[in-house]
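Okay, so the sequence shown: first residue is 147 according to my numbering, each after it adds one.
The beta-carbon is built from N, C-alpha and C at its ideal position, and this holds for glycine as well.
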Amino acid sequence: MPPARRPGTGFRRCPGPSRSWSVSSVIAGCASRCRSGEGPLSTTVSGKSGTWRNWAGNVTARPVREVTPASVDELRAAVLRAAEDGLRVKAVGTGHSFTAAAATDGVLISPRLLTGIRAIDRAAGTVTVEAGTPLRRLNVALAREGLSLANMGDIMEQTVSGATSTGTHGTGRDSASIAAQITGLELVTADGSLLTCSERENPEVFAAARIGIGALGVVTALTFAVEPVFLLTAREEPMPLDRVLAEFDQLWAENEHFEFYWFPHTGNTNTKRNNRSAGPARPVGRLNGWFQDEFLSNGVFQAVNWVGRAAPATVPSIARISSRALSARTYTDIPYKVFTSPRRVRFVEMEYAVPREALVDTLREIKAMIDRSPLRVSFPVEVRTAPADDIALSTASGRDSAYIAIHMFRGTPYQAYFTAAERILTAHQGRPHWGKVHTRDAEYLAGVYPRFAEFTALRDRLDPDRRFGNDYLRRVLGT
Numbered sequence: 147m148p149p150a151r152r153p154g155t156g157f158r159r160c161p162g163p164s165r166s167w168s169v170s171s172v173i174a175g176c177a178s179r180c181r182s183g184e185g186p187l188s189t190t191v192s193g194k195s196g197t198w199r200n201w202a203g204n205v206t207a208r209p210v211r212e213v214t215p216a217s218v219d220e221l222r223a224a225v226l227r228a229a230e231d232g233l234r235v236k237a238v239g240t241g242h243s244f245t246a247a248a249a250t251d252g253v254l255i256s257p258r259l260l261t262g263i264r265a266i267d268r269a270a271g272t273v274t275v276e277a278g279t280p281l282r283r284l285n286v287a288l289a290r291e292g293l294s295l296a297n298m299g300d301i302m303e304q305t306v307s308g309a310t311s312t313g314t315h316g317t318g319r320d321s322a323s324i325a326a327q328i329t330g331l332e333l334v335t336a337d338g339s340l341l342t343c344s345e346r347e348n349p350e351v352f353a354a355a356r357i358g359i360g361a362l363g364v365v366t367a368l369t370f371a372v373e374p375v376f377l378l379t380a381r382e383e384p385m386p387l388d389r390v391l392a393e394f395d396q397l398w399a400e401n402e403h404f405e406f407y408w409f410p411h412t413g414n415t416n417t418k419r420n421n422r423s424a425g426p427a428r429p430v431g432r433l434n435g436w437f438q439d440e441f442l443s444n445g446v447f448q449a450v451n452w453v454g455r456a457a458p459a460t461v462p463s464i465a466r467i468s469s470r471a472l473s474a475r476t477y478t479d480i481p482y483k484v485f486t487s488p489r490r491v492r493f494v495e496m497e498y499a500v501p502r503e504a505l506v507d508t509l510r511e512i513k514a515m516i517d518r519s520p521l522r523v524s525f526p527v528e529v530r531t532a533p534a535d536d537i538a539l540s541t542a543s544g545r546d547s548a549y550i551a552i553h554m555f556r557g558t559p560y561q562a563y564f565t566a567a568e569r570i571l572t573a574h575q576g577r578p579h580w581g582k583v584h585t586r587d588a589e590y591l592a593g594v595y596p597r598f599a600e601f602t603a604l605r606d607r608l609d610p611d612r613r614f615g616n617d618y619l620r621r622v623l624g625t
């Protein structure tokens, strides 16, 4: 058994999880899925060389060893053994972060055997899932049970713990990030203890660990608020950028979920408005879905980015064509089929949250910067929103926020573009996404997060020896 927590920390310990699925059934399920071609993770964690590489390929690490625990007790033992060996520990999901948040030269913990639903409480409106469960499997399983999360991001490939730990979000006027839907969690801390956390139990840990960037411990399970499955009607429509910016407040206020993509070197956007609907369901037709979501948005877009990377002078012309390629469409379906879409073209991304009222000015400045520069940007800029929440290191902590995400095709130099955009975003009190490229350090972040000191003080209590530290956390949280 792991040692008891040091006296005086005041945290309640959990004796261990009760689970409706046995370890053997979890392993058997994973093996079955692997045989059918549906791997437990969507990206490679490490190869024969022992090198871990993220999805975008811009971050690598060489851990001393990789551990794949099949139970929470095995995970606790792995943390304790790492401490005995003087090694640091990081858990990694599918590698969809563009920062080195999960990189380590110590012990890399893969949660691919810690998957599945532990319990559904219909009376409470909650579902408890293992930390390594991919969002795709969670959403499909919930739909079968007639349930749904309230909001989602753009993709479903990430694990639930990886997505929430970095602050993954979608867009919403009233509904916030995935982490804001958490009502409880389990956390293995540096001394091997297992904490259960909620608003009532270890509330100070709960307030921070929902978006913990892996700095407080290893999340082993999450409980989410869910509701009866509902329908969303999506209305996708091209619209001039000038109109979107002039009417942004109205578009935000009139729609439950509003977002848009602006194509640099043009004055064009593609807007998306998602609102709850009484039905009936009218999904995207199979042929139309394949043509727009796979052929155009992935196949053709991949090809034109290859051309743009090889011949940058062609990018403005390509952007003008791309911005007119997608036609207007309306469809109605269950939430995860509306919120998410396939993203097969690989890229590198930076995203900042600015106060929502600063969105229009900030985006105009970014457009002016691109227009007067020699930059050639082939990827659209994505704009989304989120309401204020109460999570210490959430990018929407304490303020209504708008998100500006900029991208570059993988293999294309991105530093000049990201540096110029970051200068504008930080001038508007921007908060960088924890899982996306940025250069900010603890000094800057302490100035834009009112509860930054609260988080770092908790980290000092839970992980004084920095068992879960790495170079990225040293930069963004300080020593």
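Extract the residue ranges of the beta strand (DSSP E) inside the region 218–243, only unbroken runs of 3 or more that lie entirely within it. Counting whole runs of 3 or more residues, the region 218–243 contains the beta strand (DSSP E) stretches 235–237.
In whole angstroms, give me the CA-to-CA distance for residue 202 and residue 246. Within the sequence shown, the letter at position 56 stands for residue 202. Within the sequence shown, the letter at position 100 stands for residue 246. Their Cα atoms are separated by approximately 12 Å.
So, with DSSP's three-state summary, where would you put residue 180? Here residue 180 refers to the residue found at position 34 when the sequence shown is read from its first residue. In this prediction, residue 180 scores a pLDDT of 33, lower than 50, which makes its location untrustworthy; the coordinate-derived value is nonetheless stated afterwards. Note: residue 180 maps to helix in three-state DSSP.
Going by C-alpha to C-alpha distance, which of 257, 302 and 542 sits closest to residue 235? Indexing the sequence shown from 1 puts residue 235 at position 89. Closest by alpha carbon: 257.
Taking the C-alpha atoms as reference points, what is the distance between residue 346 and residue 371? Here residue 346 is taken as the residue at index 200 of the sequence shown, counted from 1. Here residue 371 is taken as the residue at index 225 of the sequence shown, counted from 1. Inter-residue distance for residue 346 and residue 371 is about 16 Å (C-alpha atoms, whole angstroms).
Quick check on the DSSP output: what are the complete alpha helix (DSSP H) runs of length 4 or more inside the region 490–536, in order along the chain? Listed in chain order, the complete alpha helix (DSSP H) runs (minimum 4 residues) inside the region 490–536 are 505–517.
Write down the C-beta distance between residue 342 and residue 350 rounded to the nearest angstrom, noting that I regard them as a contact closer than 8 Å. Residue numbering aside, residue 342 sits at position 196 when the sequence shown is read from its first letter. Residue numbering aside, residue 350 sits at position 204 when the sequence shown is read from its first letter. Not really, about 13 Å apart at Cβ, beyond 8 Å.
Cα-Cα, which of 522, 396 and 411 is closest to residue 564? Sequence index remark: in the sequence shown, residue 564 carries index 418 (1-based). The candidate whose alpha carbon is nearest that of residue 564 is 522.
How big is the Cα-Cα spacing for residue 294 and residue 428? To locate residue 294, count along the sequence shown from 1; it is residue 148. To locate residue 428, count along the sequence shown from 1; it is residue 282. Taking the straight line from one Cα to the other gives about 18 Å.
What residue range is occupied by the uninterrupted beta strand (DSSP E) comprising residue 478? Position 332 of the sequence shown, counting from 1, holds the residue named residue 478. Looking at the DSSP string, the run of the beta strand (DSSP E) that includes residue 478 is 475–479.
Taking the CB atoms as reference points, tell me whether residue 287 and residue 260 lie closer together than 8 Å. Taking the first residue of the sequence shown as 1, we reach residue 287 at position 141. Taking the first residue of the sequence shown as 1, we reach residue 260 at position 114. For residue 287 and residue 260, no; Cβs fall outside 8 Å.
DSSP three-state label for residue 419, please. Residue numbering aside, residue 419 sits at position 273 when the sequence shown is read from its first letter. Correct three-state label for residue 419: strand.
Closest to residue 310 by CA distance: which of 529, 499, 239 and 431 is it? Walking along the sequence shown from the start, residue 310 turns up at place 164. Among 529, 499, 239 and 431, the Cα nearest to that of residue 310 is on 239.
Where residue 399 and residue 196 are concerned, what is the direct C-alpha to C-alpha distance, given to the nearest angstrom? If you number the sequence shown from 1, residue 399 lands on position 253. If you number the sequence shown from 1, residue 196 lands on position 50. Cα-Cα distance, rounded: 50 Å.
Per DSSP, residue 411 forms a beta bridge with which residues? For this step, residue 411 is matched to residue 265 along the sequence shown. In the DSSP secondary-structure assignment, residue 411 is not bridged to any residue.
Between which two residues does the beta strand (DSSP E) containing residue 549 stretch? Numbered from 1 along the sequence shown, position 403 holds the residue referred to as residue 549. Run containing residue 549: 547–555, per the beta strand (DSSP E) assignment.
Closest by C-alpha distance to residue 283, when choosing among 418, 355, 303 and 618: In the sequence shown, counting from the first residue as 1, residue 283 sits at position 137. Here the closest residue by C-alpha is 303.
Hey, how far is the Cα of residue 325 from the Cα of residue 318? Indexing the sequence shown from 1 puts residue 325 at position 179. Indexing the sequence shown from 1 puts residue 318 at position 172. Near 14 Å, if we compare the C-alpha coordinates of residue 318 and residue 325.
Report the residue from 248, 329 and 514 whose alpha carbon sits nearest the alpha carbon of residue 275. For the purposes of this step, residue 275 is identified with residue 129 of the sequence shown, where counting begins at 1. Closest option to residue 275, Cα to Cα, is 329.
State yes or no: is the C-beta of residue 524 within less than 8 Å of the C-beta of residue 465? The residue you call residue 524 lines up with position 378 of the sequence shown. The residue you call residue 465 lines up with position 319 of the sequence shown. Going by C-beta atoms, residue 524 is nearer than 8 Å to residue 465.
Does the region 576–583 touch the region 529–537, meaning 3 or more C-beta pairs lie closer than 8 Å? In this structure the region 529–537 does not touch the region 576–583; the number of beta carbon pairs closer than 8 Å is below three.
Output the distance between the C-alpha atoms of residue 510 and residue 430, rounded to the nearest integer angstrom. As a first step, residue 510 is located in the sequence shown; it is residue number 364 there, counting from the start. As a first step, residue 430 is located in the sequence shown; it is residue number 284 there, counting from the start. Whole-angstrom Cα-Cα distance: 33 Å.
Helix, strand or coil for residue 345? Go by DSSP, reduced to three states. Looking up residue 345 in the sequence shown gives position 199. Look at residue 345 here: in three-state DSSP terms it is coil, with no helix or strand label.
Distance, residue 485 Cα to residue 267 Cα: Position 121 of the sequence shown, counted from the first residue, corresponds to residue 267. Position 339 of the sequence shown, counted from the first residue, corresponds to residue 485. Spanning the two alpha carbons is a distance of roughly 24 Å.
Tell me the DSSP secondary structure of residue 616 in three-state form. As a working note, residue 616 is residue 470 in the sequence shown. Reduced to three states, the DSSP call for residue 616 is coil.
Would you tell me roughly how many angstroms separate the C-alpha atoms of residue 218 and residue 615, rounded to the nearest one? Position 72 of the sequence shown holds residue 218. Position 469 of the sequence shown holds residue 615. Cα to Cα, residue 218 sits roughly 21 Å from residue 615.
With a threshold of 16 other CB atoms inside 10 Å of the CB of residue 623, please say whether the residue is buried or exposed. Taking the first residue of the sequence shown as position 1, residue 623 is located at position 477. So residue 623 ends up on the buried side.
Looking at residue 508: is its Cβ nearer than 8 Å to the Cβ of residue 570? As a working note, residue 508 is residue 362 in the sequence shown. As a working note, residue 570 is residue 424 in the sequence shown. A Cβ-Cβ contact shorter than 8 Å links residue 508 with residue 570.
Alpha carbons only, please: which of 609, 607, 601 and 369 is nearest the one belonging to residue 353? Your numbering for residue 353 matches position 207 in the sequence shown. Closest option to residue 353, Cα to Cα, is 601.
Is the beta carbon of residue 340 closer than 8 Å to that of residue 222? Looking up residue 222 in the sequence shown gives position 76. Looking up residue 340 in the sequence shown gives position 194. With respect to residue 340, residue 222 sits close: the two C-beta atoms are nearer than 8 Å.
With DSSP as the reference, identify every bridge partner of residue 610, one or two as the case may be. Stepping through the sequence shown from its first residue, residue 610 is reached at position 464. Per DSSP, none; premise fails for residue 610.
DSSP three-state call for residue 570: helix, strand or coil? Translated into the one-based positions of the sequence shown, residue 570 becomes position 424. Residue state, collapsed to three classes: helix.
Rounded separation between residue 629 and residue 255 - CA only: Only positions 147 to 625 of the chain appear in the structure, and residue 629 is not among them; the question remains open.
Give every residue of the same chain whose Cβ lies closer than 8 Å to the Cβ of residue 504, excluding the five residues on either side of it in the sequence, and list them in chain order. Residue 504 sits at position 358 when you count from the first residue of the sequence shown. Result list for residue 504: 548, 574 and 575, in chain order.
Compute the distance between the beta-carbons of residue 378 and residue 420, then report whether it is under 8 Å. Residue mapping note: residue 378 aligns to position 232 of the sequence shown, counting from 1. Residue mapping note: residue 420 aligns to position 274 of the sequence shown, counting from 1. Yes. Within cutoff.
Is residue 241 near residue 285, with beta carbons less than 8 Å apart? Position 95 of the sequence shown, counted from the start, is the residue given in the question as residue 241. Position 139 of the sequence shown, counted from the start, is the residue given in the question as residue 285. No; because the gap between Cβ atoms is not below 8 Å, this pair is not in contact.
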